[in-house]
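In the working numbering, the protein residues as written are 255 to 700. What follows is a single structure, written as structure tokens, with notes after it.
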Amino acid sequence: MEAIIIGGTVITMGQEGTIRGGAVVVEGGRIVAVGKARELKPKFPRYERLDARGCAILPGLVNAHQHISMSLLRGYADDYPLKEWLEKHIWPLEAKMSGRDMYVGALLTCAESLLGGVTTVNTMYHYAHPEWNEAKAIADIGMRGVVGHVCFSWRKEEDRKALDDLVRRWHGAADGRVRASVDPHAPYTVDPDYLVELRHLANSYNERYGDKGAVTLHIHVAETGDEPMKIKEAFGVSVDKGVLAYLDELGVLGPDVVAAHCVFLSDLDISIMAERGVKAVHNPVSNMKLASGVSPVAELLKAGVVVALGTDGPSSNNTADMFETMKFAALLQKVVLGDPTVLPAPLVLQMATLNGAKALLWDDIGALEPGKKADVIIVDFKKPHLRPLHNVESHLVYAAKASDVRTVMVDGQLVVEDGELKTMSLEKIMEMAEKAKEDLLSRLEA
Ligand SMILES: [Zn+2]
255 MEAIIIGGTV ITMGQEGTIR GGAVVVEGGR IVAVGKAREL KPKFPRYERL DARGCAILPG
315 LVNAHQHISM SLLRGYADDY PLKEWLEKHI WPLEAKMSGR DMYVGALLTC AESLLGGVTT
375 VNTMYHYAHP EWNEAKAIAD IGMRGVVGHV CFSWRKEEDR KALDDLVRRW HGAADGRVRA
435 SVDPHAPYTV DPDYLVELRH LANSYNERYG DKGAVTLHIH VAETGDEPMK IKEAFGVSVD
495 KGVLAYLDEL GVLGPDVVAA HCVFLSDLDI SIMAERGVKA VHNPVSNMKL ASGVSPVAEL
555 LKAGVVVALG TDGPSSNNTA DMFETMKFAA LLQKVVLGDP TVLPAPLVLQ MATLNGAKAL
615 LWDDIGALEP GKKADVIIVD FKKPHLRPLH NVESHLVYAA KASDVRTVMV DGQLVVEDGE
675 LKTMSLEKIM EMAEKAKEDL LSRLEA
């Protein structure tokens, strides 16, 4: 579409910084101009006008670690330790999920995400069906995302087939809105040889399909304190210097590695991440809910590591609310370090936008600048909890809620208008999810 978003405060996350009384001009899926409204308005007289007075205009949020299909399991099993939660509750139910279930679950999370201002998601799940899967949900609903297939040592043959199909069919699909990734589950479920094999596989995909964007490598790393012990027990290897040090010795690290969690890191791990350009994704809500611990985010940032933010999946969070995640990320570092100056609001906003884009090696999103993709959100500040207005960044991190998002544009298309999903019927998605849940439970009991 050709549109000019007028009024309000534009937070560009780029060279222009924050512009009061700003405007963003969109043409054919990309941003063509950003500046003062009074200067841009006369230059684009015939463009559709989107009134954003009294609002904040910012790049769509990037949720850099998710398992979007898992919304069907939201609230199914809470308040268990990670191992018991996975092995006794989540995995048995997941084993009964069909491709269609995964599609429906993914749609539900995508709808929730878009309505809450998330335009890009990085999701790790089972790619079980060539047509009914997370990638199709993202494509159908008009979102942007990186879709992986999660790999385990116990099903290598199945993984290889799934990965090949995923990358061939979906990398670059939906006008480039969907990309694929190679997702070893974690260093304790994927043996060292298989980790190396998956590293090589990601390299070969990048050689073959890299013109459509990077094929990243998405993995859970150092989520719990007993991870080195679990790796040692499973594969008889030494992990004494840290999990990242172990992965580095295998040669699997690089700038395309998106490492979710990074809670238990040695000093060596942190310096290795900085040196290799490994990206960290901090999931404060999930880490708190599962009592995993606190990622040394401030130290990672100080070392020069790109740290993005994620919600983690809907059954370990239990929402896709990135506003909540921004607030918790800031508060958690402050309370643990006893220092209210760490992770100030503008930095947290950067983590939820630009750093997310950097983590996914998706160069043309994450900021409002000419040439970037038109992934734009408008947050309504005409709310009692967002008045009076002293500082826009402060409100966005500490006071705004996902439900304050009014308008969402992805790739230049309006997907949410006045708080309403435009691309699909929200009512129908919720109905499908409820039905899929009932069917899933009845299959578990059968
Ligand atoms: Zn996860």
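The beta-carbon is built from N, C-alpha and C at its ideal position, and this holds for glycine as well. Note that the coordinates shown come from a computational prediction; the quantities given were computed from them, not determined experimentally.
Check this for me: beta carbons of V630 and L640, under 8 Å apart or not?
Here residue 630 refers to the residue found at position 376 when the sequence shown is read from its first residue. Here residue 640 refers to the residue found at position 386 when the sequence shown is read from its first residue. No; because the gap between Cβ atoms is not below 8 Å, this pair is not in contact.
Identify whether I260 lies in helix, strand or coil by the three-state DSSP scheme.
Working through the sequence shown from its first residue, we reach residue 260 at position 6. I260 falls in the strand class under three-state DSSP.
DSSP bridge partner residues for E671 (one or two, in chain order)
Residue numbering aside, residue 671 sits at position 417 when the sequence shown is read from its first letter. DSSP lists E674 as partners of E671.
Specify whether the segment 398-415 and the segment 374-387 touch according to this definition: at least 3 beta carbon pairs, one from each stretch, less than 8 Å apart.
yes
When burial is assigned at 16 or more other CB atoms within 10 Å of the CB, is S569 buried or exposed?
Within the sequence shown, the letter at position 315 stands for residue 569. Buried.
Limits of the beta strand (DSSP E) - the one that Y459 falls within:
Sequence index remark: in the sequence shown, residue 459 carries index 205 (1-based). Note, Y459: premise wrong, no beta strand (DSSP E); alpha helix (DSSP H) at P446 to Y463.
Excluding the 5 residues flanking P438 on each side, which residues of the same chain have their C-beta closer than 6 Å to its C-beta?
Locating residue 438 in the sequence shown gives position 184, counting from the first residue. Only C405, V444, L449, L452 and I473 meet the Cβ criterion.
Could you pull the DSSP bridge partners for T374 from this structure?
If you number the sequence shown from 1, residue 374 lands on position 120. In the DSSP output, where bridge partners are listed per residue, T374 has V316 and R398.
Under the three-state reduction of DSSP, which class applies to E270: helix, strand or coil?
Position 16 of the sequence shown, counted from the start, is the residue given in the question as residue 270. DSSP places E270 in coil when its eight states are reduced to three.
Closest to G564 by C-alpha separation, out of V316, G275, R292 and P598, would be which residue?
Start at 1 with the first residue of the sequence shown, and residue 564 comes out as number 310. Minimum Cα distance to G564 is reached at V316.
If you follow the alpha helix (DSSP H) that K556 is part of, which residue opens it and which one closes it?
Counting from one through the sequence shown, the residue named residue 556 turns up at place 302. V551 to K556 is the extent of the alpha helix (DSSP H) around K556.
Are the Cβ atoms of L326 and K691 separated by less than 8 Å?
Locating residue 326 in the sequence shown gives position 72, counting from the first residue. Locating residue 691 in the sequence shown gives position 437, counting from the first residue. In contact: L326 and K691 (Cβ atoms closer than 8 Å).
Got a sec: does ligand 1 put a non-hydrogen atom nearer than 7 Å to the Cβ of G673?
Here the question's residue 673 lines up with position 419 in the sequence shown. Incorrect: G673 has no Cβ contact closer than 7 Å to ligand 1.
Under 7 Å: does the beta carbon of A514 sit that close to some heavy atom of ligand 1?
Position 260 of the sequence shown, counted from the first residue, corresponds to residue 514. Indeed, a heavy atom of ligand 1 lies less than 7 Å from the Cβ.
Start and end of the beta strand (DSSP E) containing L504?
In the sequence shown, the residue the question calls residue 504 occupies position 250. Careful: L504 lies outside any beta strand (DSSP E), inside the alpha helix (DSSP H) at V497 to L504.
In this structure, how does DSSP classify I619 when only helix, strand and coil are distinguished?
Residue numbering aside, residue 619 sits at position 365 when the sequence shown is read from its first letter. Looking at I619 - three-state DSSP - the assignment turns out to be coil, as it is neither helix nor strand.
Beta carbon of V548, beta carbon of V590: below 8 Å?
Taking the first residue of the sequence shown as position 1, residue 548 is located at position 294. Taking the first residue of the sequence shown as position 1, residue 590 is located at position 336. It is a contact, given that the beta carbons lie within the stated cut-off.
K533 (DSSP reduced to helix, strand or coil)
As a first step, residue 533 must be located in the sequence shown, where it is residue number 279. Of the three classes helix, strand and coil, the one that applies to K533 here is strand, per DSSP.
Which same chain residues end up closer than 6 Å to L522 when comparing Cβ atoms and leaving out the 5 residues on each side of it in sequence?
As a position in the sequence shown, residue 522 is number 268, starting the count at 1. Once the five neighbours on either side are set aside, the close Cβ partners of L522 are K495, G496 and A499.
Limits of the beta strand (DSSP E) - the one that T595 falls within
On the sequence shown, residue 595 is found 341 positions in, with the first residue counted as 1. Element bounds for T595: n/a, residue is neither H nor E.
Give the C-beta separation of Q587 and V551 to the nearest angstrom, bearing in mind that I take them to be a contact with Cβ-Cβ under 8 Å.
As a working note, residue 587 is residue 333 in the sequence shown. As a working note, residue 551 is residue 297 in the sequence shown. Right, the Cβ-Cβ distance comes to about 5 Å (below 8 Å), so this counts as a contact.
Expressed to the nearest angstrom, what Euclidean distance is found between the alpha-carbon atoms of N460 and E503?
Along the sequence shown, one-based indexing puts residue 460 at 206. Along the sequence shown, one-based indexing puts residue 503 at 249. Those two C-alpha atoms are separated by around 22 Å.
Roughly how many angstroms lie between the CA atoms of L698 and A257, to the nearest whole one?
Reading the sequence shown from its first residue, position 444 is the one you call residue 698. Reading the sequence shown from its first residue, position 3 is the one you call residue 257. Using only the alpha carbons, I get a separation of about 49 Å.
contact_flag[the segment 309-323, the segment 595-614] where n(CB pairs < 8 Å) is 3 or more:
yes
Is it the case that the CB of D566 approaches a heavy atom of ligand 1 more closely than 7 Å?
Taking the sequence shown and counting its residues from 1, one reaches residue 566 at position 312. For ligand 1, at least one heavy atom lies less than 7 Å from the Cβ of D566.
Scan the segment 410-441 and note each continuous alpha helix (DSSP H) run of 4 residues or more that stays entirely inside, going in chain order.
410-424 and 427-430
On the three-state DSSP scale, how would you describe C364?
Here residue 364 corresponds to residue number 110 of the sequence shown, with the count starting at 1. DSSP places C364 in helix when its eight states are reduced to three.
Of all the options D305, E338, L544 and S520, which has the alpha carbon lying nearest to the alpha carbon of L554?
As a first step, residue 554 must be located in the sequence shown, where it is residue number 300. Among D305, E338, L544 and S520, the Cα nearest to that of L554 belongs to S520.
How should A700 be labelled, buried or exposed, when 16 other C-beta atoms within 10 angstroms of its C-beta is the threshold for buried?
In the sequence shown, counting from the first residue as 1, residue 700 sits at position 446. Burial call: exposed.
Buried or exposed: where does R431 fall if 16 or more other Cβ atoms within 10 Å of its Cβ makes it buried?
On the sequence shown, position 177 is the one that residue 431 refers to. The residue is buried, with at least 16 neighbouring Cβ atoms inside 10 Å.
Return the chain-ordered list of same chain residues with a C-beta closer than 8 Å to the C-beta of G505, the five sequence neighbours on each side being excluded.
Your numbering for residue 505 matches position 251 in the sequence shown. Hits under 8 Å: V450 and R453.
Apart from the five residues just before and just after F577, which ones in its own chain have a Cβ nearer than 6 Å to its Cβ?
As a first step, residue 577 must be located in the sequence shown, where it is residue number 323. Excluding positions up to five away in sequence, the list reads A654, K655 and A656.
Given a threshold of 16 other Cβ atoms within 10 Å of its Cβ, counted over all protein chains shown, does T266 qualify as buried or as exposed?
By 1-based counting over the sequence shown, the position of residue 266 is 12. Flag for T266 reads buried.
With 16 other CB atoms within 10 Å as the buried threshold, where does H425 fall?
For the purposes of this step, residue 425 is taken as residue 171 along the sequence shown, with counting starting at 1. Result: buried.
Taking the straight line between their C-alpha atoms, what separation do you get for V659 and G370?
Within the sequence shown, numbered from 1, the residue matching residue 659 stands at position 405. Within the sequence shown, numbered from 1, the residue matching residue 370 stands at position 116. So the alpha carbons of these two residues sit roughly 6 Å apart.
I need the boundaries of the alpha helix (DSSP H) containing E539, first residue and last residue.
Locating residue 539 in the sequence shown gives position 285, counting from the first residue. The identity of residue 539 in the sequence shown is Val, whereas the question assumes Glu. Unbroken alpha helix (DSSP H) run through V539: P538 to K543.
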